[in-house]
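What follows is one structure encoded as structure tokens, with my remarks underneath.
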Amino acid sequence: MTGSSRIKVINSYSNLNYASNKGAKIASGKYINFLHDDDYLLPGALKALVNEGESTGNYWICGAYNLIDDDGNFISSIRPQIKGNILALLLGGECIHLISSVINREAFLQVGGFDLQIPGRPDLDLECQLALLSDFQSIDQVVATVRLSGGKGASHNWMSSIKQDHRAMREKALNSIGALARMRNSVEGDIFLRGRASRSYLFSAVLNLLDGHFIVASRRLVSLLRLASYYIVLPKFWRGLFFQDHWNNVQKIQHEQHFNTHFPSEGA
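This is how it looks when you write it as structure tokens:
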């Protein structure tokens, strides 16, 4: 237990998402950061992130970070180059790491914090909800080191959680007021991303149709056509609709190669 008056230890006796929400409510600062026990921030990280937040006025500021495995081996440096409205990227499967980010606390509370009904990926849901309200900004400075388990230290099947909760997260975002307008702004000037964003509406329409939610399905198809516009005739749009080649997909390939090299027996 530290003796610093600036640190307050709270025993919530609950899950991580509930504890994070509770901590955010108790906090008094303008910005919050969620730091887990297997990751750490680098010197000067918070100052650099907060300064960018004050300069831009954006609700979410993220920095670059280094990935290591359970044995401390360096995997890669992740440098998300983001600026502005990234709602389409998020619904297209991208994600910003919480550890390397600071978030406007009032905005966090405004959207309800981490959704306890989406326990597998509350971070991505939070990002989508804040992307509906404000732009994001990244800095190139490496601000954190993050441990990524993928070999003998892996204890949770994250892919299973993602599949389980991604639909709920997507429906929540698409049902939000102003979602289509925000999506259209997010894909402006990027035909591939427009196709990728349209994929979210297509999946939602198909799944709602199969569940017998015909009105919702029809609304999704109308939104898809409005988002696609005349770009629907272009090959780049269709490549975006069916393929993913943004940063997370590239990272996943790098991560798989690393763990196959360092823990070959684990992946056999």
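Residue numbers (my numbering): 57 to 324.
Glycine included, every Cβ here is placed at the ideal spot set by N, Cα and C.
Since this is a predicted model, take the numbers as computed values, not measurements.
Whole angstroms is fine: what's the gap from F90's alpha carbon to L154's? Position 34 of the sequence shown, counted from the first residue, corresponds to residue 90. Position 98 of the sequence shown, counted from the first residue, corresponds to residue 154. Looking at the two C-alpha atoms, the distance is approximately 6 Å.
So, helix, strand or coil for R173, using DSSP? Within the sequence shown, numbered from 1, the residue matching residue 173 stands at position 117. Here the sequence assigns Gln to residue 173, which means Arg is not the residue at that position. If DSSP states are grouped into helix, strand and coil, Q173 belongs with coil.
Quick one: what's V167 bridged to in DSSP? Against the sequence shown, residue 167 aligns to sequence position 111. V167 is not bridged to any residue.
My output table needs one value for K208: the three-state DSSP class, helix, strand or coil. Taking the first residue of the sequence shown as position 1, residue 208 is located at position 152. Confidence at K208 is low in this model, with a pLDDT of 49, below 50, so its placement is unreliable and the value that follows should be read with caution. Coil at K208, not helix or strand.
Excluding the 5 residues preceding and the 5 following L188 in the sequence, name in chain order all residues of the same chain whose CB lies nearer than 6 Å to its CB. Position 132 of the sequence shown, counting from 1, holds the residue named residue 188. S232 and R238, listed in sequence order.
Enumerated in chain order, which unbroken segments of the alpha helix (DSSP H) with a length of 4 residues or greater are wholly contained in the region 236–311? 247–266, 270–284 and 291–298
Could you pull the DSSP bridge partners for V198 from this structure? Looking up residue 198 in the sequence shown gives position 142. A120, per the DSSP bridge assignment.
Put R226 into one of helix, strand or coil per three-state DSSP. Walking along the sequence shown from the start, residue 226 turns up at place 170. Looking at R226 - three-state DSSP - the assignment turns out to be helix.
Cα-Cα, which of D196, G251 and L249 is closest to I134? Numbered from its first residue, the sequence shown carries residue 134 at position 78. Per the Cα distances, D196.
Would V202 and N71 qualify as a contact pair, given that the criterion is a beta-carbon distance under 9 Å? In the sequence shown, the residue the question calls residue 202 occupies position 146. In the sequence shown, the residue the question calls residue 71 occupies position 15. No, the pair does not count as a contact, with Cβ atoms beyond the cut-off.
Less than 9 Å between the beta carbons of A101 and S190, yes or no? To locate residue 101, count along the sequence shown from 1; it is residue 45. To locate residue 190, count along the sequence shown from 1; it is residue 134. No. Outside cutoff.
In three-state DSSP terms, what is L188? By 1-based counting over the sequence shown, the position of residue 188 is 132. Coil, per DSSP.
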